[in-house]
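Numbering-wise, the sequence shown is residues 13 to 320 according to my numbering.
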Amino acid sequence: MASLKHLLGIAGLNPVTVTALLDLAESYVLLNRSGKTQRDSLRGRTLINLFFEDSTRTRTSFELAGRRLGADVVNMSVATSSVTKGETLLDTAATLNAMNCDLLVVRHNRSGAPALLAEKVSAAVINAGDGTHEHPTQALLDALTIRRHKGRISGLTVAICGDIAHSRVARSNILLLTMMGNFVRLIGPPTLLPGSIGINGVEIFHSMEEGLKGADIVMALRLQKERMSSGLVPSSREFFAYYGLDRKKLSYAKPDALVMHPGPMNRGVEIDSDIADDDARSLIKEQVEMGVAVRMAVLDTLARSSEV
Ligand code: NCD
């Protein structure tokens, strides 16, 4: 695999790199399940989790991934850090450099913040979600989950439903899935969809019935109220009626279609509990498990690239 200095987005990766990361992650799934979790490929390396936005699963899984590879992991809580005292992102970068951090995992509400840090720090930077821009490890873990169940990550029809406009998860998934040769359908109300996408293989629908037809995978997204400037949806109840994934709407997709959601879920808004908790159709718990394996693969790959 070509050496990878940072992971700032799916943009910039190619199918060979994506496949190599998924293959490595697959070996970590087996290792994690065997219970022999401790490895030492990151022994002596320091990983800092720098989260300017809330996160449960992403931060925890980076932490677990780092520890399972033997790294020293530090969680920098932004609420108690100098950032709240007015320190700029670049001052933060200088501080991190002085601490000789090797791997820096960054989540920020501004698109582009991890890229800016990557220019200024000596560490390998991993984007753990920046504004509405990208969330590359989420797209990789989604791809791994899909590949394990469908046996491939090409030639599939993947429907992504709901709040596309505010979703970095959607953006990274669109880039990865189209790059690997899948068909992507974006389904949502016009207020929550970008005007145009301009990417081959992506179609836009406003009706779940039309958009879900023939889908192999149905991905529901959280309604990101915190990123909405004004009321873009009339009410949660109305949103659920038109776009909430329930058993009836899922029946429009292929009979063996599987359901995904990056979490956190708004049950009864974008997804019905009946579907979310149905282990025969829902891959949501497995997505969390794959998150640890994919992040191990990313950390390991970046750490090895920085050795050369
Ligand atoms: C997503 C995120 O933060 O972008 N969550 C996650 O990483 N699991 C999606 C969301 O917040 O809805």
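Don't be surprised by glycine CBs; every beta carbon is placed ideally from N, CA and C.
- [ ] Please go through the stretch 34-103 and give each complete beta strand (DSSP E) segment of 3 or more residues, from N-terminal end onward.
- [x] As far as the stretch 34-103 is concerned, its whole beta strand (DSSP E) runs of at least 3 residues are 58-63, 84-89.
Task: Runs of alpha helix (DSSP H) lying entirely within the stretch 120-192, each at least 4 residues, in chain order - done: Fully contained in the stretch 120-192 are the following alpha helix (DSSP H) runs of length 4 or more, in chain order: 125-132, 148-162, 180-191.
- [ ] Pick out whichever of Asn194, Ser94, Gly303, Asn278 has its Cα sitting closest to the Cα of Pro27.
- [x] Asn194
Task: Spatial neighbours of Val320 in its chain, beta-carbon cut-off 8 Å, leaving aside the 5 residues before and after - done: With a pLDDT of only 49 at Val320, under the threshold of 50, the placement of this residue in the model should not be trusted, and no figure is reported.
Task: Proximity winner among Ala171, Gly167, His178, relative to Arg197 (alpha-carbon distances) - done: Ala171
Task: Residues near Ala269 in its chain [Cβ-Cβ closer than 7 Å; skip 5 each side] - done: Ala227, Asp228, Ile229, Val230, Leu262
- [ ] Go to Tyr306, then tell me how far its alpha helix (DSSP H) extends in each direction, as first and last residue.
- [x] This sequence places Val at residue 306; Tyr is not what is there. It spans 296-317 - the alpha helix (DSSP H) in which Val306 sits, taken as one unbroken run.
- [ ] Closer than 7 Å by C-beta to Ala130: which residues in its own chain qualify, once you throw out the five before and the five after it? Chain order, please.
- [x] His18, Leu20, Val137
Task: Three-state secondary structure assigned by DSSP to Gly223 - done: Of the three classes helix, strand and coil, the one that applies to Gly223 here is helix, per DSSP.
Open item on the list: So the candidates are Met272, Ile287, Asn278; which of them puts its Cα closest to the Cα of Glu301?
Closed with: Met272
Open item on the list: Please report the straight-line C-alpha distance between Tyr255 and Ser241, rounded to a whole angstrom.
Closed with: 20 Å
TODO: Write down the C-beta distance between Glu146 and Ile22 rounded to the nearest angstrom, noting that I regard them as a contact closer than 8 Å.
DONE: 6 Å
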